[in-house]
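Residue numbers for the sequence shown follow the numbering used here, beginning at 48 and rising by one.
Everything below concerns the one structure shown next.
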Amino acid sequence: MSTESTARAFFSAPQFAVVGASSDPSKFGHKIFNWYTAHSLPVTPINPSAPSITASSKDYPTVASLSALPDPAATAVSIITPPKVTKKVLEEAKGLGVKSVWLQPGTFDDEVMAYARKEFENAVGGEGWCVLVDGDKALEGREKL
Numbered sequence: 048m049s050t051e052s053t054a055r056a057f058f059s060a061p062q063f064a065v066v067g068a069s070s071d072p073s074k075f076g077h078k079i080f081n082w083y084t085a086h087s088l089p090v091t092p093i094n095p096s097a098p099s100i101t102a103s104s105k106d107y108p109t110v111a112s113l114s115a116l117p118d119p120a121a122t123a124v125s126i127i128t129p130p131k132v133t134k135k136v137l138e139e140a141k142g143l144g145v146k147s148v149w150l151q152p153g154t155f156d157d158e159v160m161a162y163a164r165k166e167f168e169n170a171v172g173g174e175g176w177c178v179l180v181d182g183d184k185a186l187e188g189r190e191k192l
């Protein structure tokens with residue numbers, strides 16, 4: 048189970064990325080990316096099949112993978128992908144020195160979550176942990192670290 052302190056630590060990163068970001072307002076990849084922009088956080092959308100996404104009537108250039116980020120090791124990553132894809136994203140993230148990941152609901156199975164908790168300093172996820180629900184409280188509490 049994740050803790051509030053783990054979620055606060057996630058938001059102490061200087062940069063953020065959303066793997067699975069989407070222009071489709073019905074998809075969680077859109078809703079979560081939009082949450083970051085609404086909170087004025089420095090966020091990069093990751094989507095290998097679109098050169099940009101649109102959120103709140105603004106276009107954002109995407110990158111195809113975590114390795115295309117300017118400084119992956121200084122980036123906390125929210126993941127909105129199916130579990131098989133999530134495992135590959137986590138393996139790439141580990142290799143790039145990413146320290147914090149947030150696995151949104153539906154993105155993991157027991158094996159994927161166990162891997163994330165073993166390999167990352169901060170792994171937020173589990174039933175009930177979603178940026179859309181828990182992000183505001185965690186973001187406000189990051190100064191308490």
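Ideal Cβ positions, reconstructed from N, Cα and C, are used throughout, including at glycine.
The structure displayed is predicted, hence computed values, not measured ones.
query, result
"Boundaries (first-last residue) of the alpha helix (DSSP H) holding P159", "According to the sequence displayed, residue 159 carries Val and not Pro. Here the alpha helix (DSSP H) through V159 covers 157 to 166."
"Under the three-state DSSP convention, the category S104 falls into", "coil"
"Pair within 8 Å by beta-carbon distance, T133 and F155", "yes"
"Given A115 as reference, the closest of K131, D106, P98 once Cα atoms are compared", "P98"
"Alpha carbon of T84 to alpha carbon of A170, nearest angstrom", "22 Å"
"M48, DSSP secondary structure in three states", "Confidence in M48 is poor, its pLDDT being 46 and thus under 50, which makes the residue's placement unreliable; the coordinate value appears in the next sentence. Three-state result, M48: coil."
"Cβ pair count under 8 Å reaching 3, the region 123 to 132 against the region 103 to 110", "no"
"W89 to E158 span [Cα, whole Å]", "Here the sequence assigns Pro to residue 89, which means Trp is not the residue at that position. Approximately 30 Å, taken between the alpha carbons."
"Outcome for A120 when other beta-carbon atoms lying within 10 angstroms are tallied against a minimum of 16", "exposed"
"Short Cβ contact (8 Å threshold) for T122 with F63", "yes"
"Between the CA atoms of H86 and V178 - distance to the nearest angstrom", "12 Å"
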